[in-house]
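Number 370 in the numbering used here belongs to position 387 of the sequence shown; there are no gaps in the numbering.
Where a beta carbon is used, it is the ideal one built from N, C-alpha and C, also for glycine.
One structure is given below, encoded as structure tokens.
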Amino acid sequence: MFKKMLIANRGEIAVRVIQTCREMGIATAALYAPQEARSLHVAYADEAIPFSGSFSDPAAILAAAQACGADAIHPGYGFLAEESDFIRVCTAAGIAFIGPSADLLDRVHDKVETLAFVRANGFRTVESLRPAFDEDAESIAESAAQLGYPVVVKSCYGGRGPGERLARDPERLREAVRSALAESRAVFGKEAIYLEKAILPANQVGVQILADRHGNLIHLGDREGSLQHNNGKLIEEAPAPCLSPEGRAELLDSALALARLLGLENAATLEFLIDDAGRFYFTEVKARIQTEHALTEMITGVDLVREQIRIAAGDPLSLRQAEVRFRGHAVMCRIHAQDPLNRMRSSPGQLQEVRLPVGAGLRVDTYVQSGCNVPGTYASLVAKLTAWGGSREQAVARLGRALEDLTLTGVPTNIPFLQSLLRDEAFAVGRYSIETGYRHHADIPEDDAYLQAVAVAAALLYAGRGQPAGAVVPDRLQSGWHRSSRRLPQ
-16 MFKKMLIANR GEIAVRVIQT CREMGIATAA LYAPQEARSL HVAYADEAIP FSGSFSDPAA
44 ILAAAQACGA DAIHPGYGFL AEESDFIRVC TAAGIAFIGP SADLLDRVHD KVETLAFVRA
104 NGFRTVESLR PAFDEDAESI AESAAQLGYP VVVKSCYGGR GPGERLARDP ERLREAVRSA
164 LAESRAVFGK EAIYLEKAIL PANQVGVQIL ADRHGNLIHL GDREGSLQHN NGKLIEEAPA
224 PCLSPEGRAE LLDSALALAR LLGLENAATL EFLIDDAGRF YFTEVKARIQ TEHALTEMIT
284 GVDLVREQIR IAAGDPLSLR QAEVRFRGHA VMCRIHAQDP LNRMRSSPGQ LQEVRLPVGA
344 GLRVDTYVQS GCNVPGTYAS LVAKLTAWGG SREQAVARLG RALEDLTLTG VPTNIPFLQS
404 LLRDEAFAVG RYSIETGYRH HADIPEDDAY LQAVAVAAAL LYAGRGQPAG AVVPDRLQSG
464 WHRSSRRLPQ
């Protein structure tokens, strides 16, 4: 087993990896920028290394690993998690990479070719086309017309989210392409797009796969991530409520067959869209651990990071498919430092007070504490709040109470938006789609409790107008026996 692991990431995923490494007796080294010195991954790691480079710079990460004597690197998600060239560099340097093989990433790197390969082997996939010239308006328009509207303009890099735009008609195509290219360039440093036939309404479901180097491959069930805003998942749950028992069995069997076809290794997720008739369409493979992995861990009891590390060390899976037990239901929400009154724009800054909820069935993944900075140079995610229950209703109720108990002051957050989604009638009955989250448009809830709180706050502000800030000694206490009785003898 490995002796020391460099965490080539930050935020809550760095804390998560450190937790498992501590249980396995593996020393950890964390990287941090000056503004993140109070982040929890810095406090929890055995060694914290000041880092002025980029987490996307292979040379800087490898140099840090060699300098601290690490024999393994865990990339978390994002950054270098799916860069085959970096994996080869690590291998050449004698440092293990906790994740897929470089060859696997090369096979699935081209999304359009992967879809064509999967389709040729008898699996349903979304229809997709790569324009002849990515930035040629005529070529793109021809491809979109061939697919038929609505279409999704997608970056060839990364997963769903960054670099993805929906164009419902030709008039909106040009702006969708411009935005997708700009975001792909900003997030991934590269710009190339393809078009996908949009399936509306639809639900987004992922199947968690684990595969070792000994031919063992299992699934750990499904997760639904249909509640989104600006292409980012907000509330996710496992198992997916959109699936019938028969549909789930068919999906999971297909996912196992597809995983073997693609030769998946380590932890990976196969993503599908489910249409309103219950048909599922393969869309892409995420050959890494995902942000929402806690959902799977809550309903199976399997530590995915531990399995990742064991697989990378050459060990077989610790369990077989027949040994996987699914228990209850889990719901997760992503807490972002975003301003719901300003179109959910990122709101970096210093957190003044952090008070995390506690209770049965709750799990909080976060890197923040009171006085911690939320930097503006990274994603705005500050915490993931997951609730488990014996039933979906119990899990949702626990999540709602946990959001009420969570305190994050100093920067605006999307908590009001999450609470409005939890109150949505479609979500309550488990019959929602990708478009449900967009209906809310980040509206602040206007129920009686919220309006009462606003009224009280307004009254207090009005009553305090013109008064000096800070403590004031009343005039009646400035003289008389109030002061004389407390005066020391002369």
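- [ ] Examine the ligand SAM and report whether any of its heavy atoms sits within less than 8 angstroms of the Cβ of Ser301.
- [x] This structure lacks the ligand SAM, and indeed carries no ligand of any kind.
State the start and end residues of the unbroken beta strand (DSSP E) segment that holds Phe482.
For the chain, the structure presents residues -16 to 473; residue 482 sits outside this window and is missing.
Query - Proximity below 9 angstroms, CB of Gln187 to CB of Gly204 - result: For Gln187 and Gly204, no; Cβs fall outside 9 angstroms.
Between the alpha carbons of Asp407 and Leu156, how many angstroms are there, rounded? 31 angstroms
(message) Contact defined as beta carbons within less than 8 angstroms: I believe His57 pairs with Ile81. What is the distance between those atoms, to the nearest angstrom?
(response) With 8 angstroms as the limit, His57 and Ile81 qualify as a contact, their Cβ atoms being about 4 angstroms apart.
Margin query: Please state the DSSP three-state secondary structure of Ser330.
Written below: coil
Cβ neighbour criterion (16 or more within 10 Å) applied to Pro17:
exposed
- Among Arg338, Glu248 and Leu234, which has the Cα closest to the Cα of Glu254? Leu234
- Query: So what does DSSP say about Ser209, is it helix, strand or coil?
  - Reply: strand
Worksheet entry | Residues near Leu241 in its chain [Cβ-Cβ closer than 8 angstroms; skip 5 each side] | Val101, Phe106, Leu253 and Phe265
**Asked** Is there contact between the stretch 390 to 399 and the stretch 304 to 323, where contact requires at least three CB pairs shorter than 8 angstroms?
**Response** With a cut-off of 8 angstroms, the stretch 304 to 323 and the stretch 390 to 399 count as touching, because enough Cβ pairs lie within range.
*Taking DSSP as the reference, what is the three-state secondary structure of Tyr264?*
strand
Worksheet item: My guess is that Leu404 and Ile218 are in contact by the Cβ rule of under 8 angstroms, so how many angstroms apart are they, rounded?
Response: 6 angstroms
- Task: Mark Asp259 as exposed unless 16 or more other C-beta atoms lie within 10 angstroms of its C-beta, in which case mark it buried.
- Result: exposed
Going by other Cβ atoms of all chains shown within 10 Å of its Cβ, with 16 needed for buried, is Pro145 buried or exposed? buried
CA-to-CA distance, Ser167 to Leu130, given in whole angstroms: 22 angstroms
**Request:** Please state whether DSSP places Arg338 in a helix, a strand or coil.
**Result:** Here Arg338 sits in strand by DSSP.
For Leu(-14), which of helix, strand or coil comes out of DSSP? It should be noted that the sequence gives Lys, not Leu, for residue -14. Reduced to three states, the DSSP call for Lys(-14) is coil.
- Item | Contact set for Ile44: own chain, Cβ-Cβ below 6 angstroms, skip 5 residues either direction | Ala(-9)
Checklist entry - What whole-angstrom Cβ distance do Val357 and Pro399 have, given they're in contact under 8 angstroms? => result At roughly 17 angstroms, the Cβ-Cβ gap does not stay under 8 angstroms, so Val357 and Pro399 are not in contact.
Exercise for the section: Could you tell me if Arg206 is buried or exposed, where buried requires 16 or more neighbouring beta carbons within 10 angstroms of its beta carbon? Expected result: buried
Check: At which residues does the beta strand (DSSP E) containing His276 begin and terminate?
Finding: Segment His276 to Thr283 is the alpha helix (DSSP H) holding His276; no beta strand (DSSP E) there.
*asked:* For Asp236 and His276, what's the separation of their Cα atoms in angstroms?
replied: Per the coordinates, the alpha-carbon of Asp236 lies some 20 angstroms from the alpha-carbon of His276.
message = Within a Cβ cutoff of 8 angstroms, which residues of the same chain sit near Met7, ignoring the five residues on either side of it in sequence?
response = Met(-16), Arg289 and Ile292
#### Entry: Option in Arg90, Ala48, Asp54 and Val285 with minimal Cα separation from Glu66
Arg90
Open item on the list: Quick check on this structure: which residue in Ala223, His197, Gly215 and Ala103 has the alpha carbon closest to the alpha carbon of Tyr415?
Closed with: Ala223
Just the Cα atoms here: how many angstroms apart are Arg161 and Lys216?
22 angstroms
Could you tell me if Gln211 is buried or exposed, where buried requires 16 or more neighbouring beta carbons within 10 angstroms of its beta carbon? buried
Are the CB atoms of Ala48 and Tyr474 within a distance shorter than 9 angstroms? Beyond the ends of the chain as shown, which are -16 and 473, falls residue 474; an answer cannot be given.
Can you tell which of Asp388, Arg113 and Ala175 has the C-alpha that lies nearest to the C-alpha of Leu339? Scanning Asp388, Arg113 and Ala175 for the CA closest to the CA of Leu339 turns up Asp388.
(message) I'd like the list of long-range same chain contacts for Arg113, defined as Cβ closer than 6 angstroms, with 5 residues on each side in sequence excluded.
(response) Val95 and Tyr177
Quiz prompt | Rounded separation between Ala163 and Leu63 - CA only | solution = 21 angstroms
At what residues does the alpha helix (DSSP H) containing Arg317 begin and finish? Arg317 -> not in any alpha helix (DSSP H); beta strand (DSSP E) instead, spanning His312 to His319.
request  = Please decide whether Phe80 counts as near chain C, where near means a Cβ-Cβ distance under 9 angstroms.
outcome  = Absence of chain C from the displayed structure is noted, only one protein chain being present.
### Task
Kindly indicate which residue of Arg148, Leu244, Ser301 and Glu229 has the alpha-carbon position closest to the one of Arg262.
Ranking the options by Cα distance to Arg262, first place goes to Glu229.
Query raised in the report: Can you tell me the Cα-Cα spacing of Ala124 and Cys225, whole angstroms?
Result: Taking the straight line from one Cα to the other gives about 33 angstroms.
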